[in-house]
């Protein structure tokens, strides 16, 4: 019974909270939002006290003087305090992935003899579109006078990019929140956040001139690796491939088929429609990054075309970091003239096997080719055009690894 009563009470409180916070007149927000700042309330109170002092009782002017003192102190004190504040940000790591923790050190120096309260680090660590709704990245209760204090916190980015995204500032509105004073923060280095990737274990086979003896294909016959089977002798076959036991049994020449070297040269093309929703665009970037990283981990020669810029991963870790940094720096803001958002027609591939990662709106612009595979990234309720047959369709946060492995085995 106690548990039931407690749940009922929590339900009533939640319902009351939703009613009290419900916006019944959204059309009137622009007329009343200015009341959120206590400055206007204090000004109205001061004006009312002046009127009462003139027409009711002169003693009310004491309240007027107190209100004026609060206004002056609340407006000038934050500006005075910020003149003696210096701030610096340092990152312990250079690169992380989405969702990983990155330690950040904030050093604040106070040159005044009195302490400073209510400091907040704003801008730079939140999305620009979130505005004031994002809140401060970190808030400091108190910085002692004539001191230098260091604060550390774990920053866990939930999106790719280069942080700080804007010039960070430190601000305070102490003591009354009437006015807020800001000061720029010195940034030592930056934090590059790579997109979140998924491990893809398989590699599609394709006809290409670049072969590597370290990788072998199970579905193509060649001259290396383990034995796949036997077949009849053909003119031009080497006698070293003859299986003499089978030849003696069948009384005709039988040769051995072995594994062929797997294709290790792939070009990944990222084709993004700026009109697609942000979730689809970010998903396509994660898919392209996952494909590039998985092929690179399998010792493949990878080329990636991002917004007209070609990045090559030929085995060095510096090339791979440069490619992932490009994915992190790719800006998607919906502007038509933004070079990274619109991927032009790829230059001549010279026979390279291509994997095109395209959003819904870019599928029609991908020309068909025998050496090209299309990975469509979009919503499930929006089918691909009739003349386009995607090699792989990804919608939502599905099991990409399983779908990729199935598509590679069907190649």
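In the numbering used here, the protein residues as written are 773 to 1183. Using N, Cα and C, we set each Cβ at its ideal position, and we do this for glycine too. All values reported here derive from a predicted model rather than from experimental measurement.
Item: Contacting residues, own chain, Cβ-Cβ under 8 Å from residue 839 (five flanking each side not counted); Value: 814, 817, 818, 821
Item: Strand pairing of residue 801, partner residues [DSSP]; Value: According to DSSP, residue 801 bridges with nothing at all.
Item: Paired residues, beta bridge with residue 882 - DSSP; Value: 857, 919
Item: Residue 937 (DSSP reduced to helix, strand or coil); Value: coil
Item: Pairwise C-alpha distance: residue 1125 and residue 1178; Value: 18 Å
Item: Cα-Cα separation, residue 1075 to residue 1060; Value: 11 Å
Item: Between the CA atoms of residue 867 and residue 1165 - distance to the nearest angstrom; Value: 30 Å
Item: Nearest-angstrom beta carbon gap, residue 893 and residue 757 [assumed within contact, 8 Å]; Value: Any answer about residue 757 is impossible in this case: the structure gives the chain only from 773 up to 1183.
Item: Whole-angstrom C-beta distance between residue 1019 and residue 1011, which should lie under 8 Å; Value: No, residue 1011 and residue 1019 are not in contact; Cβ-Cβ is about 11 Å, not under 8 Å.
Item: Status (buried if at least 16 other CB within 10 Å, exposed otherwise) for residue 1023; Value: exposed
Item: In DSSP terms, what residue 1073 is bridged to; Value: 1037
Item: Residue 867 - containing alpha helix (DSSP H), residue span; Value: First-last for residue 867: 867-869, but that is the beta strand (DSSP E), not the alpha helix (DSSP H).
Item: Reduced DSSP category for residue 931 - H, G, I as helix; E, B as strand; rest coil; Value: coil
Item: Nearest candidate by alpha-carbon position, reference residue 1080, set 784, 1068, 1093, 1098; Value: 1098
Item: For residue 1085, the three-state DSSP class (helix, strand or coil); Value: strand
Item: Through-space distance from residue 1173 to residue 1107, alpha-carbon basis; Value: Annotation note: pLDDT 38 at residue 1107 (below 50); position unreliable, coordinate value reported separately. Whole-angstrom Cα-Cα distance: 32 Å.
Item: Residue environment, residue 805, which counts as buried when at least 16 other CB atoms sit within 10 Å; Value: exposed
Item: Range of the contiguous beta strand (DSSP E) that encloses residue 1125; Value: 1125-1131
Item: Short Cβ contact (7 Å threshold) for residue 949 with residue 850; Value: no
Item: CA nearest to the CA of residue 884, picked from 1029, 787, 917; Value: 917
Item: Per DSSP, the bridge partner or partners of residue 954; Value: 943
Item: Residue 837, DSSP secondary structure in three states; Value: helix
Item: Short Cβ contact (7 Å threshold) for residue 938 with residue 896; Value: yes
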